[in-house]
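Protein chains in written order, with the numbering used here: chain A, 1 to 359; chain B, 1001 to 1359; chain C, 2001 to 2359; chain D, 3001 to 3359.
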């Protein structure tokens, strides 16, 4: 079955293809009485909008969101919020190649194997264009958790890491890479330019931190906070790995070094103070109140100009190179998407926690 | 809310605490007519059973499973299969310390924050003992996908990697580490012994490979095969990171290098042949027919003899060291648990795929 | 929480208010490869369209459906099918009365009690206008179960029953009442005309029969076929009672009289022949292969011209009479809605059955 | 698929067959900190226990419930509560008849059609014995809604109605019929005795009223309070019809007569006073704060001594009469089951409402 809904109580259902007339999200379970208009959503969409720098796809989409239901006199009513984004720049072109051939590292072969047919125009449903729906829904989710701050950024691009000592949050929105390290920006420009000139692409690692997540959020055992975040992020196009807190490094640590010691809370700062945050804000699937830290590995964009060996629908050998307008590093525009998915998980968990405990 | 069920169609609900009278799983949605008795489940439980070597906890549990419903005359009936495992070795001891104090890197603090109270005996519901229920349910799942082979093993322990050149599948069940590299076994014995003597613990990385997964399984967009696997594995106790295929290394690769080229299938070998498997058997959330490869990072056991700074329920500073019987490397016994969760996801996806496509 | 999705595998999510810009349904889980265009949906919408006779509301809506996703080259792709119907005849008027007052037997008071606010224009989300989304989704569901025939009709209006002896299926679509008894039509015209002239309204009973439902459909124990049908139908606006087969009359029967005796099947007619169908095609929550028979009681339209005592939002006594364009018997236009809900349940159960049994 | 879980947030999963070793329910999502022991559950089980009068089955079951998890030091912990009831009186007998033949009006034929096999001992999973699990789960649900009072009773048996003028709540638990009308009791004894002597059985109608349900509970549009109640009750063994409030009579009323006029609330009695309750406490799927009234029609017990024509698994004609111990009127013991299902729906809706609105 197709499962195009995400979330338990705060839920959204996404629909739409890359080259259809529109795409959208229906947000269900939103608390009533929240102030909401298109203006609350549009800025987040603009962050992931294509064509905003030479480091992303040159497709030009206004990505203008319309609210079709669920809001009355400027407030959410508690009924479904239908969000629609029209596709405006679906360039007419010849799709006969991609229709008959399987682009390596794309969903083409797998979609055909599953459904027996596919909407091949621009990747159809498997296109990263669908992530606009997630970002729109995520913008609504943020209103449910106004106390939480969610910040995503790149910590690595093309294998080149930021310098953690040079981390400057103010820098993140000052460059086309959501990069918190000013010096890395220059290097990354070079890396992406080189990749593009070479008809190639590069990967990246997104980190996302959510602060002021209340201790107690999380629904053990099979909707644990970290498990839900992993599902949310692994489901984003091109993500191949997810870490919480120290992640894979935790596997190389020891029980002594990996323990986040607790100390008495400072006056007016909650119940406890943690000396470190190896856990990334989650133990036993429940938030500890520390910053929730998640990292996602994004593979390099599979659509590249360089020819790759493949087969067509008849099983015959072909060579395929992907023309068209593509992100040389899909990881860049993934930043607002990861933020959105984190917001969606947290809004959902807030409601779940409130349901069970009344807090 | 607590969400103690896992899966969409092939589903199980788990219950039980570390030191309660019993724990169990109710498996729902199982196809009828499958041969099933306790003998099909017990061997998998025995693989994760505590006390089988000096490298795991010395708690002694028979972990004997009983089928209480859903099977008639040796066959599944399509109705819920209730599996129960009695706890036999809940050693009576003094819990006053752990009742009032928060063990760092454990769920103690978070459970109290969520629920306002907790069953502190042996970790209660957050104990890894619950994974016995997963393994039991996973054994039933395997019957739904007899065509699929699932093999887990450790590829790293305490930061020490296996030599991929020395990989020998036959070796995996010959040593207490589920280690496929004979030479690594000797080193790991040393590492674990040292950790234990030092009152410390170590982490590990589990890899699990599922072969003969039919191309097409997976339910885009929000129950993608990789997303479901990530949720399933990140939800296992102590897991802090999950990778599919090349995982984080994919983020350091290029579009050209990361592409799995397709070639015409060899006679009688499906629709296509892939030259490589960087994708780990999943593209766009759907199985490609290649081996599905997942890796999980397990943090070191938080329960260690060394004293750690913490606080008690009144917020006062304390020192805490965990006595009792604990795995010096919880990653070892995680191998059969990862396998079980992979089996549960695949069985579920098989049924979902059949529902939608009739295949 | 709002739960605006219906179904397990074949699912739809509905959105929209009576006087918003549009309403719609996102159909998820549809099998791929089904021929689908707006032409397959429009006729069903036209059946429930307002303004088609003097016996229904005079609001004029084209109820033109647009498919925004999930269909490619005339076939379903297995991805979400977004259906949108624009509201065109939302007459601008003064809503100050209904905004501040609670119309008896309407959702006004309850919506305010739940959400603290409501979209009062035309009933907002609680308007029967939303049933257009159900009918659109139901039209897609019918394509999943082409072997099944679903026929709804009125068996009673304003307390006046049809003559079962005069039942003529061909008559159903020949009159504005979906009435299978020609003689009853004349009487019903009188009843509805009288009610309208009197500033009053009447109720009705819808019966719906689904034939060729495969024996075996149904998902015990908590998604039984009859239970799902009851939920589906009780959730339709104005429905206050649901019966399967003999329904309440079964409670007045005896075990001997109520038993549907089985006889050997006639050549080529399945596994068994039933002598009667008191059960209405369902035993123990599973289809028997006999016609599935369901009846729904619809209360009289609550919106009437006659003044009724009520209160306003400040709790003060008021008198309220509902102007505007309303159905004098909401039960009439419920017929295609009941059919749609039955189709949605059956399509879902077909996929569920196929998932578990492979048949 | 089998769907053996009920509820959204407050959920239970039931398992077990009539003649297996045990049956049970796993209650998930229960708020933490509620006082709970077996003593809170047992009295409700005792109410539905077989063998308590000559008017119910003579099977003797202690129906003793054990809590296996989820409770610690007398309080719910927020984790799954596993409830188990052992079957003690599974009389050994010859099942060869029922194994090979289909009892009319039973699930035998349908189960075989669905699953290809069935546990035929005592009806297996389709036995009303499973309702013990519902009652046990319902007892926990009651603790979540201590402010709500739920009272079920019979209003009709074998076609004989109670006199509403003679309604005496105190009488309900004074007779074996849960009958609120003393005079009806005498008539009903006669009716049931006659049916049994005649090798026959009779039906009944259960009414259940829940008071102090907070205005606002209910989750439109597809988990409406009345829709959920209908699903819950139609899913009870032998139920063939469900009504809310005036139910089918509402279809014979007029808009004027069916309207529940609102009047200013009396001091300290909520927001509004309703002059009548035709709606049965629910409008537009949301509770109004009035008593929630539901009625269920139960067919006569299908197991009767009189021989009925049927077929065997080979499709050959047979005559079948059901020996064994059966309720001559299954509707009697349905009273506590209906109450339990109502409690389960209300507890669930309370948590859902709290999640979305914070109230």
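Just so it is clear, CB atoms sit at the ideal spot from N, CA and C, and this is done for glycine as well.
This structure is a prediction, so every number in the text was calculated from the model and none was measured.
No Cβ-Cβ contact shorter than 8 Å links residue 1221 of chain B with residue 1188 of chain B. Annotation: residue 178 of chain A is outside any alpha helix (DSSP H) and is labelled neither H nor E by DSSP. Contact note: residue 2125 of chain C reaches chain D through 3220, 3221, using a C-beta cutoff of 8 Å and chain order. A Cβ-Cβ separation of about 5 Å places residue 2022 of chain C in contact with residue 68 of chain A under the 8 Å criterion. The beta carbon of residue 79 of chain A sits closer than 8 Å to the beta carbons of 69, 70 from its chain, once the five residues preceding and following it are set aside; these are given in chain order.
A distance below 8 Å separates the beta carbons of residue 2201 of chain C and residue 2195 of chain C.
Residue 3346 of chain D is outside the set of residues whose beta carbon lies under 8 Å from a beta carbon in chain B.
With contacts defined as CB atoms closer than 8 Å, residue 316 of chain A and residue 1240 of chain B fail to qualify as a contacting pair.
Per the Cβ contact rule, the segment 3328-3340 of chain D is not in contact with the segment 3109-3126 of chain D (fewer than 3 Cβ pairs under 8 Å). Burial check for residue 88 of chain A: the Cβ neighbour count within 10 Å stays below 16, so the residue is exposed. Contact of residue 29 of chain A with chain D by beta-carbon distance below 7 Å involves 3356. A straight line joining the alpha-carbon of residue 81 of chain A with that of residue 34 of chain A spans about 12 Å. Residue 2336 of chain C carries a helical assignment under DSSP once its states are collapsed to helix, strand and coil. By the rule that beta-carbons nearer than 8 Å mark a contact, residue 304 of chain A touches chain B. Taking the C-beta atoms as reference points, residue 176 of chain A is found nearer than 8 Å to residue 55 of chain A. Within the segment 2118-2149 of chain C, no residue has a Cβ lying closer than 8 Å to any Cβ of chain B. In the DSSP annotation of this structure, the continuous segment of the beta strand (DSSP E) that includes residue 12 of chain A starts and ends at 11-16. At least one CB atom of chain B sits nearer than 8 Å to the CB of residue 3075 of chain D. Taking C-beta atoms under 8 Å as the contact rule, residue 1224 of chain B and residue 280 of chain A fail to qualify, at a distance of about 23 Å.
For residue 231 of chain A, the nearest CB of chain B lies under 8 Å from its own CB, placing it at the interface with that chain.
Nearest to residue 184 of chain A by alpha-carbon distance, out of A/204, A/198, A/227, A/320, is A/204.
Here residue 2253 of chain C is near residue 3300 of chain D, since their CB atoms are less than 8 Å apart. Interface residue (Cβ-Cβ distance to chain B less than 8 Å): residue 3080 of chain D is classified as such. Taking a Cβ-Cβ threshold of 7 Å, the residues of chain D close to residue 1026 of chain B are 3013, 3015, 3026, in chain order. Closest by C-alpha distance to residue 2296 of chain C, out of C/2105, C/2041, C/2226, is C/2226. If the five residues before and after residue 3026 of chain D are omitted, its C-beta is found closer than 6 Å to the C-beta atoms of 3013, 3080, 3082, all from its own chain and listed in chain order. The three-state secondary structure of residue 43 of chain A, taken from DSSP, is helix. Fully enclosed beta strand (DSSP E) runs of no fewer than 3 residues occupy 3204-3211, 3239-3244, 3262-3264 of the segment 3182-3270 of chain D, in order along the chain.
Listed as beta-bridge partners of residue 149 of chain A by DSSP are A/211. Contact note: residue 1351 of chain B reaches chain C through 2355, 2356, using a C-beta cutoff of 8 Å and chain order. The Cβ-Cβ distance between residue 2266 of chain C and residue 2273 of chain C falls below 8 Å. The distance from the Cβ of residue 5 of chain A to that of residue 2028 of chain C is about 7 Å, consistent with a contact at the 8 Å cut-off.
Closer than 8 Å to the CB of residue 2234 of chain C there is at least one CB belonging to chain D. Against chain D, a Cβ distance below 9 Å from residue 2299 of chain C picks out 3245, 3246, 3250, 3251, 3253, 3255, 3258, 3278, 3279. The beta-carbon of residue 3036 of chain D is placed no less than 8 Å from the nearest beta-carbon of chain A. For the pair residue 110 of chain A and residue 1288 of chain B, the CB atoms are nearer than the 8 Å cut-off.
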